[in-house]
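Counting with mature numbering (1 follows the signal peptide of the UniProt record, and there is no 0), you get residues -22 to -1, 1 to 264 for the letters of the sequence shown.
Glycine included, each C-beta is placed from N, C-alpha and C at the ideal position.
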Amino acid sequence: MKKIIALLSLVSVVVFGNTALAAPDADPATLKVALLPDENASTVIKNNQPLKALLEKELGKNIEIVVTTDYSSMIEAMRHGRLDLAYFGPLSYVLAKQKSNIEPFAALKQKGSTTYQSVLIVNAAANITRIADITDKNVAYGDKASTSSHLIPKSMLAKAGLSAGQNYREHFVGAHDAVALAVQNGHAQAGGLSKPIFESLVQRGMIDANKVKVLAESAPFPQYPWTMRSNLKPELKEKIREVFLNINDPAVLKAFKADGFGPVSDKDYDAVRDLGSLLKLDLSKF
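If you want it as structure tokens, here you go:
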């Protein structure tokens, strides 16, 4: 009997000890901060070194910048507690929220607003002057879990009566810049992506405005949210929120093409959930 009790005690220590070790740290010495793979990972990390430096200074912690291979792997990493903070797209946030104990606390702000738009772009030589002309054409989207380079532009086509697979051929090319390049190079006659990112690509000379034109702009939607693990220490969560809402360093904001970050809550993203309903998408399968 004593041997059985001793064995059970050992099992208890192993099981509950491992559970304790597996539980995410509420006040980690190093915060893992994830950014969306909207562009090349090395470029994203390089451009966000000012953010890393600012967070280390203001929070008094080491900061590790993480760029996952795609949106889905970022959602899964947050789900399993391998990330502490994450900068999601609106749709990827909604998907992550379904699976993770996270909360949004700040959203990108441009020109005083925490909303943004997507654009439908077309190859200038494709003779497309209205959305209906996209019928039987190739359309480039970014990541399947992207709001501005998939969900929003797809909804714009749907409202015009065009459905993927029936009225046009859809192709997922990964990142926003890949969408614009696919349209410019003629691999797709049309595509959808974030308006701010498209404008930046033109300004940087990566996209030739004579070869690619904007066909239509979407209605405003809630901006990309910063999120954090809900089980972080309350004092740390409040400090993180305070730091982000007070960022005014141009070097930090340049990477986000923003003039700051504004407060945001989960209910602000109901508009994105409604888009899923419009397109009859089962968001649980993303």
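Within its own chain, the residues whose Cβ lies closer than 6 Å to the Cβ of residue 219, once the five positions on either side in sequence are excluded, are 83, listed in chain order. Under the 8 Å Cβ criterion, the segment 214 to 231 does not count as touching the segment 53 to 61, having fewer than three qualifying pairs. When only Cα atoms are considered, residue 242 and residue 199 end up about 13 Å apart. Using a Cβ-Cβ distance cut-off of 8 Å, the segment 87 to 107 and the segment 154 to 167 are in contact, since at least three pairs of beta carbons, one from each stretch, lie closer than that value.
One alpha carbon belongs to residue 66, the other to residue 41, and they sit about 18 Å apart.
Residue 74 sits buried, since 16 or more C-beta atoms from the chains shown fall within 10 Å of its C-beta. Non-local beta-carbon contacts of residue 90 in its own chain, meaning distances under 8 Å to residues more than five positions away in sequence, involve 237 in chain order.
Per DSSP, the beta-bridge partners of residue 82 are 205. DSSP, reduced to helix, strand and coil, places residue 254 within a helical segment of the structure shown. For residue 25, no beta strand (DSSP E) encloses it; the enclosing alpha helix (DSSP H) starts and ends at 19 to 25. Per DSSP, the unbroken beta strand (DSSP E) holding residue 149 starts and ends at 147 to 150.
Between the alpha carbons of residue 223 and residue 85 lies a distance of about 9 Å. For the pair residue 126 and residue 96, the CB atoms are nearer than the 8 Å cut-off.
Taking C-beta atoms as the reference points, residue 172 and residue 94 count as a pair closer than 8 Å.
Sixteen is the threshold: when 16 or more other Cβ atoms of the shown chains lie within 10 Å of the Cβ of residue 156, as they do, the residue is buried. Under DSSP, residue 100 forms a beta bridge with 168, 191. Residue nearest to residue 36 within the set 250, 214, 254 is 214 (criterion: CA-CA distance). In this structure residue 50 touches residue 123 by the C-beta definition: roughly 6 Å separates them, less than 8 Å. Shown here for residue 249: same chain residues with a beta carbon closer than 7 Å to its own, the five before and five after excluded, namely 199, 200 in chain order.
In the structure shown, the three-state DSSP call for residue 29 is helix.
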